[in-house]
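Let me begin by presenting the structure, written as structure tokens, before commenting on it.
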Amino acid sequence: MTLVEDTYLEGHFDAVIEANDRIEPRDWMPEKYRATLVRQIAQHAHSEIIGMQPEGNWITRAPSLRRKAILLAKVQDEAGHGLYLYSACETLGVSRSELTELLLAGKQKYSSIFNYPTLSYADVGTIGWLVDGAAICNQVPLCRTSFGPYGRAMIRICKEESFHQRQGFELLSTMMRGTDEQRAMVQESVDRFWWPALMMFGPPDDDSPNTAQSMAWGIKRDTNDDLRQKFVDMTVPQAEALGVTLPDPQLVWNEQRGHYDFGSPDWAEFKAVVKGEGPCNTQRLAHRQRAHDEGAWVREAATAYAEKGVRA
Ligand code: BYC
Numbered sequence: 301m302t303l304v305e306d307t308y309l310e311g312h313f314d315a316v317i318e319a320n321d322r323i324e325p326r327d328w329m330p331e332k333y334r335a336t337l338v339r340q341i342a343q344h345a346h347s348e349i350i351g352m353q354p355e356g357n358w359i360t361r362a363p364s365l366r367r368k369a370i371l372l373a374k375v376q377d378e379a380g381h382g383l384y385l386y387s388a389c390e391t392l393g394v395s396r397s398e399l400t401e402l403l404l405a406g407k408q409k410y411s412s413i414f415n416y417p418t419l420s421y422a423d424v425g426t427i428g429w430l431v432d433g434a435a436i437c438n439q440v441p442l443c444r445t446s447f448g449p450y451g452r453a454m455i456r457i458c459k460e461e462s463f464h465q466r467q468g469f470e471l472l473s474t475m476m477r478g479t480d481e482q483r484a485m486v487q488e489s490v491d492r493f494w495w496p497a498l499m500m501f502g503p504p505d506d507d508s509p510n511t512a513q514s515m516a517w518g519i520k521r522d523t524n525d526d527l528r529q530k531f532v533d534m535t536v537p538q539a540e541a542l543g544v545t546l547p548d549p550q551l552v553w554n555e556q557r558g559h560y561d562f563g564s565p566d567w568a569e570f571k572a573v574v575k576g577e578g579p580c581n582t583q584r585l586a587h588r589q590r591a592h593d594e595g596a597w598v599r600e601a602a603t604a605y606a607e608k609g610v611r612a
């Protein structure tokens, strides 16, 4: 390509971003924009797939047929979200199998939250309420992200996440109307998941290497800290409605700011979990590797069938 062509294409990219319009896969884009999207979308897709494990752990032990049907549907939705996101990523020129290899080799990440164990059935409700609640806060702005296929995938995902969040809240409110033991189970679960849910938004803004550039490119629409604040403000009244206490003595309404003040998550713990030292990192990746290996014959059969179709 000539210098003139390069300058023209870059000008077009800048104008689209400036106008808050969408970049599409056929459009020219800077290599770093493409790499940032691959990093974020792949991490998001892997989170959906690995995120099936903590809740999947309870499918066989759901307390009723109704709860089992709801949980199965939710975990299947997560597989679907992973597939939309891998497809969005493929439009950037990287295949789903390459992305899976990178995850299994530890070269791509998934959300820190899924490295915590699910110890009781209340965790299914807490994940729906807090984890999907945090996911919605983070993902609704991504419906307006500058890369077309990612934004369109997010629109559908957010609709389903909203159902997921409500099912979690409904499960917890049912338990809170139950016995003292059930109420204690909910509180214990919320105590374990509150801080890891806040960490889902990523490191504080002044320690986030990617935010500034991703905001300038319209990949991210809000900073990590702004979304974390929005989540806290949204969740405190819901906790009051449920009758659970959020485990933060510093949580207090700040009249001047018009927001809740809250304590700082343990960022050393966050860094350790992201590095692979969380309670379940090894187990999650080993399980994913096993599922991948056991699915090899399905991929081979599907490939052989597709080739036969082409020859016929
Ligand atoms: N966990 O510069 P930063 C779901 C990494 S699935 C692990 O702020 P960025 C669900 C980050 O990648 C929810 N790593 O990065 C599924 C970066 O490392 P690299 C998943 C994290 O990208 C099933 C470094 O830390 N949601 O809802 O600007 C059941 C510095 O961070 C985390 C998404 O993926 C973390 N929590 O901002 C139920 C949403 N946070 O790559 C529910 C899409 C940060 O430079 N992603 N890191 O080595 C995003 O919005 C952004 O990527 C983030 C991070 C806000 C997460």
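Okay, so the sequence shown: first residue is 301 according to the numbering used here, each after it adds one.
For glycine and all other residues, C-beta sits at the position ideal for the given N, C-alpha and C.
Predicted model, so just to flag it, every value in this text is computed and none were measured.
Asked: Option nearest Ala-572 by Cα separation, candidates Tyr-308, Ile-341, Ser-412; Found: Ser-412
Asked: Rounded straight-line distance, which links the Cα of Leu-546 to that of Val-536; Found: 8 Å
Asked: Spatial neighbours of Asn-320 in its chain, beta-carbon cut-off 7 Å, leaving aside the 5 residues before and after; Found: Gly-518
Asked: Buried or exposed by the 16-neighbour rule on C-beta atoms within 10 Å, applied to Leu-527; Found: buried
Asked: Contact test: Ser-411 Cβ vs the ligand BYC heavy atom, cutoff 7 Å; Found: yes
Asked: Alpha helix (DSSP H) segment containing Asn-524, residue limits; Found: 524-542
Asked: Proximity of Thr-391 and Pro-449 at Cβ, strictly below 8 Å; Found: yes
Asked: Option nearest Thr-445 by Cα separation, candidates Asp-327, Phe-414, Arg-322; Found: Arg-322
Asked: Ala-345 classed as buried or exposed, judged by whether at least 16 other C-beta atoms fall within 10 angstroms; Found: buried
Asked: Residues near Val-532 by beta carbon distance below 6 Å, same chain, minus five either side; Found: Tyr-560, Phe-562
Asked: Gln-439: CB within 7 Å of a non-hydrogen atom of the ligand BYC; Found: yes
Asked: Assumed close pair Gly-576, Tyr-416 - CB separation to whole angstroms, cut-off 8 Å; Found: Wrong, their Cβ atoms sit about 14 Å apart, outside the cutoff.
Asked: Any non-hydrogen atom of the ligand BYC closer than 7 Å to Val-338 Cβ; Found: no
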